[in-house]
Amino acid sequence: VTMLNDRTRNANFKLLPEEGWHCILYDEKEIFQGIITKISESRGNSMTVTAYDLGIYLSNNKDTFVYEGYTLSEIFIDVCSRYGVPYDSVCSSSACIESIVKKNSTAYDVLTTAMEEEYKATGIKHSIVASKGKLSLIERKEHLIEWMIESGRNISAYTYTRSIEKIKTRVKLYSKDNVAVAEEANTALEA
Numbered sequence: 005v006t007m008l009n010d011r012t013r014n015a016n017f018k019l020l021p022e023e024g025w026h027c028i029l030y031d032e033k034e035i036f037q038g039i040i041t042k043i044s045e046s047r048g049n050s051m052t053v054t055a056y057d058l059g060i061y062l063s064n065n066k067d068t069f070v071y072e073g074y075t076l077s078e079i080f081i082d083v084c085s086r087y088g089v090p091y092d093s094v095c096s097s098s099a100c101i102e103s104i105v106k107k108n109s110t111a112y113d114v115l116t117t118a119m120e121e122e123y124k125a126t127g128i129k130h131s132i133v134a135s136k137g138k139l140s141l142i143e144r145k146e147h148l149i150e151w152m153i154e155s156g157r158n159i160s161a162y163t164y165t166r167s168i169e170k171i172k173t174r175v176k177l178y179s180k181d182n183v184a185v186a187e188e189a190n191t192a193l194e195a
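Note that our numbering has the sequence shown beginning at 5, numbered continuously upward.
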């Protein structure tokens, strides 16, 4: 979100959010709720604030996970409880997942694997969504929202960036004896 602090309208008003603050965005109803993690200021009294919903805790924390004979719903509840992340609705899932063992993985990776296993077994897709400061596990068909983002209407500024800085054009596969067993190159990207 980019905010403008227009001092010509009110010289005494200063908006100075801080990292760690809780933020809620409304447009007649709650659109987003999260934690401010980054603040950037620039000329012209423009301030860019980056905030993430509670899902960031699932993406930033790593641990070892072992689940045998659990359902997706049970894994979701266990992961949220393990990290102290509040959750709201949890749709029922029917597939008993034989085994998920992940070492040094994020909680989100484990939940993604569990959602993939549930989909393979039942054909039902699931999503993790954040609303009102809580996470929910839903069937994907339950949560269809169409957003229309328009420059000059509901966003004041944006930056679009494309980059190939970290692209890999050549890959080699080595055996355990450190012998190259396969090589692939995309020379069209090297021209």
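Quick reminder that beta carbons are idealized off the backbone N, C-alpha and C, glycines included. The model shown is predicted, which means the values in this text are computed figures rather than measured ones.
6 Å CB neighbourhood of residue i in its chain, flanking five on each side removed
| i | result |
| --- | --- |
| K129 | Y123 and R144 |
| Y71 | I79 and I104 |
| A134 | D57, L58 and G59 |
| V175 | E188 |
Buried or exposed (CB count within 10 angstroms, at least 16 for buried), residue i
| i | result |
| --- | --- |
| S97 | buried |
| Y178 | exposed |
| I104 | buried |
| T173 | exposed |
| V183 | exposed |
| T117 | buried |
| I132 | buried |
| V61 | Reading off the sequence, residue 61 comes out as Tyr, not Val. Buried, by the Cβ-count rule. |
| V89 | buried |
| A186 | exposed |
| A192 | exposed |
Residue span of the beta strand (DSSP E) that contains residue i, given as start and end
| i | result |
| --- | --- |
| L235 | Within the shown structure, residues of the chain are numbered from 5 to 195, placing residue 235 beyond reach of any answer. |
| C27 | H26 to Y30 |
| G88 | Here G88 belongs to no beta strand (DSSP E), and DSSP marks it neither H nor E. |
Rounded Cβ spacing between residue i and residue j (contact assumed at less than 8 Å)
| i | j | result |
| --- | --- | --- |
| C27 | I40 | 6 Å |
| A125 | V83 | Incorrect: roughly 19 Å between the Cβ atoms, too far for contact. |
| K106 | T68 | 7 Å |
| L139 | Y91 | 5 Å |
| C100 | G73 | 6 Å |
First through last residue of the alpha helix (DSSP H) which encompasses residue i
| i | result |
| --- | --- |
| G137 | Run containing G137: none; DSSP gives neither H nor E here. |
| L115 | A111 to T126 |
Proximity winner among the options, relative to residue i (alpha-carbon distances)
| i | options | result |
| --- | --- | --- |
| E120 | A192, T191, S167 and T75 | T75 |
| G38 | G137, G127 and P21 | G137 |
Close-in-space but distant-in-sequence residues of the same chain around residue i (CB under 8 Å, 5 per side omitted)
| i | result |
| --- | --- |
| S77 | V94, C95, S96, S97 and L141 |
Close Cβ partners of residue i (< 7 Å) along its chain, the five nearest in sequence each way excluded
| i | result |
| --- | --- |
| N190 | T173 |
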